[in-house]
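**Q**
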Amino acid sequence: MLLQQIVNGITIGSLYSLVALGLTMVYGIMRVLDIANAGAYTLGAYLGVWAYTRTHSIIIALLAGVGGAAITGYLFQRAVYTPIKKVADPIVPLVASIGLFIVMEDLFRLIAGPYTITFPVHLPLNRLTLGSVIITGTQAVILLVSAFLFLLLWILLNKTKIGLAWQATAQDVETAMAMGINTRSVVAFAFILGYAFAALAGILVAIHYNAVFPTMGDIPSYKMLAIVVLGGLGNPLGAVVASMVVGLAEALVAGYIGSFLPTDAIAFLALIILLLVRPQGLFASGGDAR
Amino acid sequence: MNYWAVLATTVGIWVLLALSLNIITGEAGQPNIGHAAFFGIGAYTSAILNTKYGVDFWGALIVAIAVSALVGAVLGLISMRLRNDFLAITTIGLNFVTVAVFQTVHYFGGAMGIGGIQPPRIGGLAFGTLEIAGLIWVVVALVVILNRHLQKAWFGYALRAIRDDEAAAAAMGIDVRRYKVLAFVIGTGLAGLAGSIYAHFMTFISAGDFGFNISVTILAMVVLGGRGSIPGVMLGGIVLGMAPEVFRFISDYRLLVFGSILVLVMRFFPSGLLGQGSRLQELLTGFIRREGAGARVR
Amino acid sequence: MKTLKFGLLMISLLVIALLASACGNGAGNTQSGAAKTIKIGFFAPETGPEAADGTSAYNSAKLAVEQINAGGGINGAKLELVNYDDQLDTKQAVSIAQKLTTRDGVAAVVSGSYSGPTRAAAPIFQQAKIPMISAYAVHPAIPRTGNYIFQQSFSGVVEGAAAAEVAKNELHAKNVAILAIDNDFGHTLVQGFKQRAAQTGLKVQEPNWFHFGDTEFTPVLTKIKDNGADVLFMPAYAAEGSQIIRRIHDMGLKIQPLGTEGLDSTTQFLEVAGKNANGLVIVTNLNRDSKEQVVKDFIKAYKEKYGHEPDMVGASTYDAFYVLAEAMRKSGVTPDKIRDGIANTKNFQAVTGKIEGYDKIGQVIKPVQVQQVKDGAFRYFGEITDPAIITPPVN
Numbered sequence: 001m002l003l004q005q006i007v008n009g010i011t012i013g014s015l016y017s018l019v020a021l022g023l024t025m026v027y028g029i030m031r032v033l034d035i036a037n038a039g040a041y042t043l044g045a046y047l048g049v050w051a052y053t054r055t056h057s058i059i060i061a062l063l064a065g066v067g068g069a070a071i072t073g074y075l076f077q078r079a080v081y082t083p084i085k086k087v088a089d090p091i092v093p094l095v096a097s098i099g100l101f102i103v104m105e106d107l108f109r110l111i112a113g114p115y116t117i118t119f120p121v122h123l124p125l126n127r128l129t130l131g132s133v134i135i136t137g138t139q140a141v142i143l144l145v146s147a148f149l150f151l152l153l154w155i156l157l158n159k160t161k162i163g164l165a166w167q168a169t170a171q172d173v174e175t176a177m178a179m180g181i182n183t184r185s186v187v188a189f190a191f192i193l194g195y196a197f198a199a200l201a202g203i204l205v206a207i208h209y210n211a212v213f214p215t216m217g218d219i220p221s222y223k224m225l226a227i228v229v230l231g232g233l234g235n236p237l238g239a240v241v242a243s244m245v246v247g248l249a250e251a252l253v254a255g256y257i258g259s260f261l262p263t264d265a266i267a268f269l270a271l272i273i274l275l276l277v278r279p280q281g282l283f284a285s286g287g288d289a290r
Numbered sequence: 001m002n003y004w005a006v007l008a009t010t011v012g013i014w015v016l017l018a019l020s021l022n023i024i025t026g027e028a029g030q031p032n033i034g035h036a037a038f039f040g041i042g043a044y045t046s047a048i049l050n051t052k053y054g055v056d057f058w059g060a061l062i063v064a065i066a067v068s069a070l071v072g073a074v075l076g077l078i079s080m081r082l083r084n085d086f087l088a089i090t091t092i093g094l095n096f097v098t099v100a101v102f103q104t105v106h107y108f109g110g111a112m113g114i115g116g117i118q119p120p121r122i123g124g125l126a127f128g129t130l131e132i133a134g135l136i137w138v139v140v141a142l143v144v145i146l147n148r149h150l151q152k153a154w155f156g157y158a159l160r161a162i163r164d165d166e167a168a169a170a171a172m173g174i175d176v177r178r179y180k181v182l183a184f185v186i187g188t189g190l191a192g193l194a195g196s197i198y199a200h201f202m203t204f205i206s207a208g209d210f211g212f213n214i215s216v217t218i219l220a221m222v223v224l225g226g227r228g229s230i231p232g233v234m235l236g237g238i239v240l241g242m243a244p245e246v247f248r249f250i251s252d253y254r255l256l257v258f259g260s261i262l263v264l265v266m267r268f269f270p271s272g273l274l275g276q277g278s279r280l281q282e283l284l285t286g287f288i289r290r291e292g293a294g295a296r297v298r
Numbered sequence: 001m002k003t004l005k006f007g008l009l010m011i012s013l014l015v016i017a018l019l020a021s022a023c024g025n026g027a028g029n030t031q032s033g034a035a036k037t038i039k040i041g042f043f044a045p046e047t048g049p050e051a052a053d054g055t056s057a058y059n060s061a062k063l064a065v066e067q068i069n070a071g072g073g074i075n076g077a078k079l080e081l082v083n084y085d086d087q088l089d090t091k092q093a094v095s096i097a098q099k100l101t102t103r104d105g106v107a108a109v110v111s112g113s114y115s116g117p118t119r120a121a122a123p124i125f126q127q128a129k130i131p132m133i134s135a136y137a138v139h140p141a142i143p144r145t146g147n148y149i150f151q152q153s154f155s156g157v158v159e160g161a162a163a164a165e166v167a168k169n170e171l172h173a174k175n176v177a178i179l180a181i182d183n184d185f186g187h188t189l190v191q192g193f194k195q196r197a198a199q200t201g202l203k204v205q206e207p208n209w210f211h212f213g214d215t216e217f218t219p220v221l222t223k224i225k226d227n228g229a230d231v232l233f234m235p236a237y238a239a240e241g242s243q244i245i246r247r248i249h250d251m252g253l254k255i256q257p258l259g260t261e262g263l264d265s266t267t268q269f270l271e272v273a274g275k276n277a278n279g280l281v282i283v284t285n286l287n288r289d290s291k292e293q294v295v296k297d298f299i300k301a302y303k304e305k306y307g308h309e310p311d312m313v314g315a316s317t318y319d320a321f322y323v324l325a326e327a328m329r330k331s332g333v334t335p336d337k338i339r340d341g342i343a344n345t346k347n348f349q350a351v352t353g354k355i356e357g358y359d360k361i362g363q364v365i366k367p368v369q370v371q372q373v374k375d376g377a378f379r380y381f382g383e384i385t386d387p388a389i390i391t392p393p394v395n
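Residue numbers (UniProt numbering), protein chains in the order written: chain A, 1 to 290; chain B, 1 to 298; chain C, 1 to 395.
(1) I'd like to check one pair, Ala57(C) with Val313(C): are the Cβ atoms closer than 8 Å?
(2) Suppose you measure from the CA of Phe268(A) to the CA of Ala198(A); what does that come to, to the nearest Å?
(3) Just checking my contact of Ser68(B) with Ile41(B) at CB under 8 Å: how many whole Å lie between their CB atoms?
(4) Expressed to the nearest angstrom, what Euclidean distance is found between the alpha-carbon atoms of Ile181(A) and Leu164(A)?
(5) Going along the chain, which residues of its own chain have a beta-carbon closer than 7 Å to the beta-carbon of Asn50(C), five neighbours each way excluded?
(6) According to DSSP, is Gly33(C) helix, strand or coil?
(7) In angstroms with no decimal places, state the Cα-to-Cα distance between Asn95(B) and Lys62(C).
(8) I'd like the list of long-range same chain contacts for Ala158(B), defined as Cβ closer than 6 Å, with 5 residues on each side in sequence excluded.
(9) Hey, does Gln205(C) have any beta-carbon neighbour from chain A nearer than 8 Å?
(10) Between the stretch 94 to 109 of chain C and the stretch 123 to 135 of chain C, do at least 3 Cβ pairs fall closer than 8 Å?
(11) Go to Glu80(C), then tell me how far its beta strand (DSSP E) extends in each direction, as first and last residue.
(12) Helix or strand or just coil, what does DSSP make of Tyr115(A)?
(13) Give me the Cβ distance between Asp184(C) and Ala36(B), rounded to the nearest whole Å; I'm assuming they're in contact under 8 Å.
(14) Can you name the residues of chain D whose CB is closer than 8 Å to the CB of Ala52(C)?
(15) Go through the stretch 166 to 210 of chain C residue by residue and report every complete run of the alpha helix (DSSP H) that reaches 4 residues or more, in order.
(16) Restricting to Cα atoms, I'd like to know which of Glu326(C), Lys374(C), Asn285(C) is closest to Val368(C).
(17) What residues in its chain sit with their C-beta under 6 Å from that of Ser229(B), if we drop five residues either side in the sequence?
(18) For chain A, is any of its Cβ atoms less than 8 Å away from the one on Ile384(C)?
(19) Taking the beta carbon of Gln293(C) as the centre, do at least 16 other beta carbons fall within 10 Å, making it buried, or is it exposed?
(20) Rounded to a whole number of angstroms, what is the C-alpha to C-alpha distance between Asn8(A) and Tyr209(A)?
(21) Could you tell me which of Val143(B), Gln30(B), Phe210(B) sits nearest to Ala84(B), measuring between CA atoms?
(22) Tell me which residue opens and which closes the alpha helix (DSSP H) that Ala377(C) is part of.
(23) Between Gly76(C) and the rest of its own chain, which residues show a CB-CB distance below 7 Å, the 5 nearest in sequence each way excluded?
(24) Based on the DSSP secondary-structure assignment, which residues constitute the bridge partners of Val212(A)?
(25) Among the candidates Leu237(A), Val187(A), Leu43(A), whose CA atom is the shortest distance from the CA of Ala147(A)?
(26) Based on DSSP bridge pairs, tell me the residues matched to Met132(C).
(27) From the DSSP output, in three-state form, read off Asn25(C) for me.
(28) Ignoring anything shorter than 4 residues, give me the alpha helix (DSSP H) runs that lie fully in the stretch 207 to 247 of chain C, in order along the chain.
(29) When the cut-off is 8 Å and only beta carbons count, does Thr104(B) lie next to chain A?
(30) Counting Cβ pairs closer than 8 Å, one from the stretch 95 to 114 of chain A and one from the stretch 200 to 220 of chain A, do we hit at least three?
(31) Taking 8 Å as the CB-CB limit, is Ser206(B) close to chain C?
(32) Determine the chain B residues that contact Phe268(A) at a beta-carbon separation under 9 Å, and present them in chain order.
(33) CB Glu165(C) to CB Ile365(C), shorter than 8 Å?
(34) Taking 8 Å as the threshold, find out whether the stretch 222 to 230 of chain C comes into contact with the stretch 135 to 147 of chain C through three or more Cβ pairs.
(35) If I measure Cβ to Cβ from Thr116(A) and keep anything under 6 Å in the same chain, skipping five residues before and after, which residues do I get?
(36) For Tyr302(C), does the three-state DSSP call read helix, strand or coil?
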């Protein structure tokens, strides 16, 4: 059973990491705890299912969801976050992002209705049995797609000019500017990529659960904060590792101890304990303390 | 009449919560997005003392304040070790863990909540809705007086110095640790007080009453009204506290309006409606000065 | 500085006054009305986290009132629905209850909300002596508030006991695992299930609990699989229940799932679970294959008006209005008479089964329906009428 639970945990962790990556990309640059990123996750799912029911093409569904969310990210950044960011207190953009998230969720309900919409994509893989371990079709798809997306992000951040600029800016904004990096376009890049990633995660999760509903972003909206902090705010690799840790913890607790606490509380409990021992997080942040 | 008394009580509890968070977040500059945890700790302490051990409201109230303040002190000590954003997320975590404990531990009523909490009484008189409304607003008035007193005292200056620049404050010889913890103790103790009154007003509580969304609403009241400004925070508490009832006529769009208000105020009045340096506040100040001058001439 | 602070305080007071007057105007709309109308109060979580159930309840309330009025109303008088959205917030429910009792002048109230808001509002109606029917909230404390409060849905204990009976007699269970939601609904159902199972000698494992909003059930199902049960009793709601069913299928688990009324929704459950739901048995109050005209009419009218299948929440809310209408016709239209009328309900054919009546606490007595999913639809599987099971506990 242990091996099986490890597989289960890594699958859950993969899903978490896809959502967490978007958030940590934005944080790395802007130092904004962007709750509204979870709105992009839901937006991606809605746009995806809307496009899919009309075209029956998963590619178009992905493009619609990712494109719509990327545009939203860019608009939010230009209209809200960058102007607010001039105010020093980080609580201001946080409250604004909570407001944006509430507006988005209510718009989903008003436009698409309160009921769950299905996302009936048939996944091509069958159940795999390796000894005593079962890997279900959806698990296999999640693991493969996540691996592919991690690779994609790694290439983007390490092999492209804008990605390297993101890294440099996340490390130290002033030096990056002094080096001639156009921080404005890097900020826009972070939001576009961060929201696009959230949308991808939203679509994948919606297919996995065959469900799209207005409040599907509620739990990710705060749980991802815990994961992103665990991994060191603004550190993509850390976010992935932290997602896996939380996913494994949840699987093992559910499998061996039973549900002594709601699963969300487990992530936060882990976080609080960790921060007491290591106030800087599991890994150092992508950037400077302030 | 009863309807107004109930509304006044609800709004009063919100205002009290907003004032209490203001001491931590507005005056000492420490982010706290889990304030509902202390509201809940106060409510549960009071409810358990009342229903399980027969302690009356007044006794339970004192213990509720003490227990909340104690947990607040621990959080205050933790806040020393954490930088801003980490502290913000730790407080969210504290909120979730607290709610989870209320929800799962049988002693705290578990999933069924706690019912049958007695309303406050003095001698033979059991408090009705009107008396509870009176009680809460008397408490609010006392807290405002205390808070204004603190603001003017050394305590207030020390907190503002810490908020504006912690290192400089320490260099000036301010005992940062002591004042931060004190701000947490007072703020969370007052939240516990609000929780105790809430429990005895509702007579039935469950974990969901103290969730993360409540913390967000309290924070929104403080930030919207103006961090650090007592009239501002009260205004925030009154406006957002009444919003669910006032905006009933737009029924289906209430949440949309609430969210939009948050975004717009943060975008155009980032220090809150009546906060330091807000445009509205400058406008009002100018207006009042002119009015005041006119009055003196006459 | 003093004048500034004072001025600001005055302005805040002005704002309060303005808001208060706006508030007064909003409520004014509901105060007048035609001479011959009877006002029925209603509240449900129409926006916020449970907007889907709130919308179902509100839709059904509108439908019921419309139909009752179209059929001539109550001896010529029309019903008027006074609707409020509580956003699943107990504080709002208390304000709403005060408003309904002191300002709107309603004759009776239907709660289309969950246990929290319903329980918070109930004492206010009891004190004002205005009857309230809780359409689908299951908390046992609700009807125990007093003699003006009635519960239209089964006591959770009854539903749990009925499930245990189905597990033992229909599904021939030897060893039952439980996967239940950790709230009032889950706990009362598990309590009823375990009590009945103990009486009939059915082996039940320690319950596994999950929480509202959980999505990933593979880990706990892995554990259940290793403990070798043949029936899985799952008091869950549609969102979590559909995922449990999907994972059971994904993992190739050989276990017979046994659900409850929480899964009784076509849009929220059956469509999400898809073909994985086939074979699932649930205990509920809605028999979709019923030959009764009221059931057929309700399902048809709801589908025509709203474009999707009705669910258990909707059917229960709809019934609450018809129970009220019946009570008003037989007994009178003042709050006291309506209360007596509800208390004296006898063998009333409603959508959610034949209501035998309400016990002295105000809990409904009616048979439990057993349904099975076949080809993506709920179909008749059985009915439990044994008084030993369907009589709700009194203490």
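In this text, a Cβ means the ideal position worked out from N, Cα and C, and glycines have one as well. Values in this document were obtained by computation on a predicted structure and should not be read as measured data.
**A** Based on what the coordinates show:
(1) For Val313(C) and Ala57(C), yes; Cβs fall inside 8 Å.
(2) Just so you know, the alpha carbons of Phe268(A) and Ala198(A) end up roughly 21 Å apart.
(3) Right, their Cβ atoms sit about 5 Å apart.
(4) A direct Cα-to-Cα measurement between Ile181(A) and Leu164(A) gives close to 10 Å.
(5) The amino acid occupying residue 50(C) in the given sequence is Glu; Asn does not appear at that position. Cβ neighbours of Glu50(C) beyond the five flanking positions: Leu88, Tyr114.
(6) Bear in mind that the predicted position of Gly33(C) carries a pLDDT of just 44, short of 50, making it unreliable; the figure below should be weighed with that in mind. Reduced to three states, the DSSP call for Gly33(C) is coil.
(7) Looking at the two C-alpha atoms, the distance is approximately 38 Å.
(8) Cβ neighbours of Ala158(B) beyond the five flanking positions: Ile174, Tyr179.
(9) Gln205(C) is outside the set of residues whose beta carbon lies under 8 Å from a beta carbon in chain A.
(10) The stretch 123 to 135 of chain C and the stretch 94 to 109 of chain C touch, with three or more beta-carbon pairs separated by less than 8 Å.
(11) Boundaries of the beta strand (DSSP E) around Glu80(C): 78 to 85.
(12) Three-state DSSP puts Tyr115(A) in coil, outside helix and strand.
(13) With a contact defined as Cβ atoms closer than 8 Å, Asp184(C) and Ala36(B) miss out at about 21 Å.
(14) Protein chains in the displayed structure are A, B and C, and chain D is not among them.
(15) Listed in chain order, the complete alpha helix (DSSP H) runs (minimum 4 residues) inside the stretch 166 to 210 of chain C are 184 to 200.
(16) Nearest option by C-alpha distance: Asn285(C).
(17) So the list reads Leu274, Gly275, once near-sequence residues are dropped.
(18) By this cut-off, Ile384(C) is not an interface position.
(19) Exposed is the call here.
(20) So the alpha carbons of these two residues sit roughly 15 Å apart.
(21) Here the sequence assigns Asn to residue 84(B), which means Ala is not the residue at that position. Out of Val143(B), Gln30(B), Phe210(B), Gln30(B) has the C-alpha closest to the C-alpha of Asn84(B).
(22) Note, Ala377(C): premise wrong, no alpha helix (DSSP H); beta strand (DSSP E) at 377 to 384.
(23) Excluding sequence neighbours, Gly76(C) sits near Lys36.
(24) Residue pairing by DSSP places Val212(A) opposite Ile117(A) in a beta bridge.
(25) It is Leu237(A).
(26) Beta-bridge partners of Met132(C) (DSSP): Val109(C), Ile149(C).
(27) Because Asn25(C) carries a pLDDT of 41, less than 50, the predicted location of this residue cannot be relied on, and no value is offered for it.
(28) Segments of the alpha helix (DSSP H) lying fully in the stretch 207 to 247 of chain C: 218 to 226.
(29) It does: the Cβ of Thr104(B) has a partner Cβ on chain A nearer than 8 Å.
(30) The stretch 95 to 114 of chain A, when compared against the stretch 200 to 220 of chain A, does touch it at the 8 Å Cβ threshold.
(31) It does: the Cβ of Ser206(B) has a partner Cβ on chain C nearer than 8 Å.
(32) Contact annotation for Phe268(A) against chain B: Ile89, Thr90, Ile92, Gly93, Leu94, Asn95, Phe96, Val97, Ala100 [CB-CB distance below 9 Å, chain order].
(33) Contact: no.
(34) Look at the beta carbons and you see the stretch 222 to 230 of chain C not touching the stretch 135 to 147 of chain C: under three pairs across the two are nearer than 8 Å.
(35) Closer than 6 Å at the Cβ level, and outside the excluded window around Thr116(A), lie Ala211, Phe213.
(36) In the displayed model, Tyr302(C) falls within a helix according to three-state DSSP.
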